[in-house]
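Position 99, counted from 1, in the sequence shown is what the working numbering calls 112; the numbers after and before it change by one each time, with no gaps. Heads up, the thing below is written out as structure tokens.
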Amino acid sequence: MTGVMHPRVPATERDRDSVSALPNPPPTGRLEALRAFLEAHGAPPYRFRQISDALHQGRAARFEDVHALPASLRAALTQQFGPWLVPLRLVAVQRAEAMEKALFETASGARFESVLTRYRRGWTSLCVSSQAGCGLGCTFCATGAVGLRRNLSVDEIHGQVVHPVWRGQRPDSVAFMGMGEALANPRLLDALARLRETGLSPRRVTVSTVGLAPRLRALTTTQPQVTVTLSVHSPFPDQRAELIPLERRYPLAENLDVLDRHVVTSRRKAYLAYLLIDGSTTRGRTPPSSRGSSTRRHARSCST
Numbered sequence: 014m015t016g017v018m019h020p021r022v023p024a025t026e027r028d029r030d031s032v033s034a035l036p037n038p039p040p041t042g043r044l045e046a047l048r049a050f051l052e053a054h055g056a057p058p059y060r061f062r063q064i065s066d067a068l069h070q071g072r073a074a075r076f077e078d079v080h081a082l083p084a085s086l087r088a089a090l091t092q093q094f095g096p097w098l099v100p101l102r103l104v105a106v107q108r109a110e111a112m113e114k115a116l117f118e119t120a121s122g123a124r125f126e127s128v129l130t131r132y133r134r135g136w137t138s139l140c141v142s143s144q145a146g147c148g149l150g151c152t153f154c155a156t157g158a159v160g161l162r163r164n165l166s167v168d169e170i171h172g173q174v175v176h177p178v179w180r181g182q183r184p185d186s187v188a189f190m191g192m193g194e195a196l197a198n199p200r201l202l203d204a205l206a207r208l209r210e211t212g213l214s215p216r217r218v219t220v221s222t223v224g225l226a227p228r229l230r231a232l233t234t235t236q237p238q239v240t241v242t243l244s245v246h247s248p249f250p251d252q253r254a255e256l257i258p259l260e261r262r263y264p265l266a267e268n269l270d271v272l273d274r275h276v277v278t279s280r281r282k283a284y285l286a287y288l289l290i291d292g293s294t295t296r297g298r299t300p301p302s303s304r305g306s307s308t309r310r311h312a313r314s315c316s317t
């Protein structure tokens with residue numbers, strides 16, 4: 014977030030978070046470390062299940078809140094991993110009738126937001142962040158003006174979904190539409206696998222992207238049931254490049270080709286997002302006939 018002060022983190026917490034503070038945290042995460050710690054200390058297997066259940070059900074914020082564990086084990090886990098069961102500190106929360114927004118901070122000081130939306134028909138959707146900041150520099154995006162601090166780890170993405178701030182309410186769907194470009198995070202596929210462990214169907218997950226064609230291709234190949242939203246914002250290459258600099262490397266037409274094949278093979282819908290910017294993307298303009306016909310042809314195959 015812009016203009017947010019990051020308080021100094023004690024050295025012990027910095028050291029504990031040194032791995033997840035790397036630009037691309039490794040796939041081995043907190044749950045794996047917890048399991049290894051319990052095994053090394055001779056704890057029975059059901060102790061890990063008790064921790065995992067408390068985490069996924071959003072019942073506990075700290076190890077000391079997992080009352081199914083003996084006090085000695087809670088103390089040992091706190092000493093080894095710090096007090097928090099979820100590796101995110103809640104900095105602030107705003108609540109309204111249909112929406113809740115939470116600002117989280119990692120032990121290394123990286124900050125990002127998640128937003129839970131409640132709809133009139135009774136279902137909920139959680140918008141999660143994949144990065145602290147973003148390095149793509151889209152000119153319409155406030156996060157892009159901040160720049161990229163680092164990718165979020167699998168635990169930090171997963172932690173947004175199961176955090177007790179939502180008071181044990183599991184979202185009906187999750188959208189990667191918060192801070193950051195999800196496909197630029199090399200841990201995205203690992204995060205999607207972790208979300209399945211919470212019982213969330215891939216069909217209930219949406220990944221939004223401005224268009225990293227090779228990684229979009231990998232996502233649609235390995236996770237064909239995940240819903241994809243491609244940010245278009247302009248069908249004109251020159252104008253889109255002004256809004257989304259990545260257009261110069263991975264043109265819209267290349268990304269639409271990926272989605273065209275995806276909807277045919279998976280029989281899943283894909284979505285195209287268009288931002289109306291007064292005096293820019295709202296101005297009338299006739300595209301060249303060859304480019305226009307190609308764009309419209311692909312858009313028809315990918316639209317809802």
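Just so you know, even glycine gets a beta-carbon here, dropped at the ideal spot from N, CA and C.
Integer-rounded CB distance, given that residue j should sit under 8 Å from residue i
i, j, result
"E126", "S142", "6 Å"
"I257", "C151", "5 Å"
"L47", "A73", "Not quite, the Cβ-Cβ distance comes to about 13 Å (not below 8 Å), so this is no contact."
"L101", "G172", "5 Å"
"D185", "G42", "About 24 Å separates the two Cβ atoms, so there is no contact after all."
"V223", "L116", "About 24 Å; that fails the 8 Å criterion."
"F61", "L51", "5 Å"
"L208", "V218", "6 Å"
The beta strand (DSSP E) enclosing residue i, as first and last residue numbers
i, result
"Y284", "A283 to A286"
"V241", "T240 to S244"
"S138", "T137 to C140"
"L129", "R124 to R131"
"E113", "M112 to E118"
"L103", "R102 to R108"
"R144", "Residue identity check: residue 144 is Gln in the sequence provided, not Arg. Start and end: Q144 to C147."
Range covered by the alpha helix (DSSP H) that runs through residue i
i, result
"V187", "Segment S186 to F189 is the beta strand (DSSP E) holding V187; no alpha helix (DSSP H) there."
"N268", "L265 to S279"
"S166", "S166 -> no alpha helix (DSSP H), and no H or E assigned at all."
"V159", "A155 to V159"
"A46", "R43 to A53"
"Q92", "A84 to F94"
"A254", "P250 to L256"
Alpha carbon of residue i to alpha carbon of residue j, nearest angstrom
i, j, result
"E110", "Q63", "33 Å"
"P215", "T240", "8 Å"
"E194", "V271", "18 Å"
"R280", "L265", "21 Å"
"R274", "P177", "40 Å"
"A188", "Q238", "14 Å"
"F153", "L201", "24 Å"
"T211", "D251", "43 Å"
"R262", "G191", "23 Å"
"T242", "P57", "44 Å"
"A286", "Q144", "20 Å"
"A283", "Q92", "46 Å"
"R163", "S293", "31 Å"
"E113", "R133", "15 Å"
"L269", "D78", "48 Å"
"L129", "C140", "6 Å"
"R253", "F76", "48 Å"
Residue i classed as buried or exposed, judged by whether at least 16 other C-beta atoms fall within 10 angstroms
i, result
"G181", "exposed"
"V277", "exposed"
"A197", "buried"
"S85", "exposed"
"E118", "buried"
"G146", "buried"
"P38", "Its pLDDT being 47, under 50, P38 is placed unreliably in this model, and the coordinates cannot settle the point."
"R296", "exposed"
"H246", "buried"
"P248", "buried"
"A53", "exposed"
"Q70", "exposed"
"F135", "As written in the sequence, residue 135 is Gly, which differs from the Phe given in the question. Counting Cβ neighbours within 10 Å, G135 comes out exposed, since fewer than 16 surround it."
Taking the runs of the beta strand (DSSP E) that are 3 residues or longer, which of them lie wholly in the region 206-244? If we require 3 residues or more, the beta strand (DSSP E) runs fully inside the region 206-244 come out as 218-222 and 240-244.
Whole alpha helix (DSSP H) elements within the region 51-80, 4-residue minimum: 58-69
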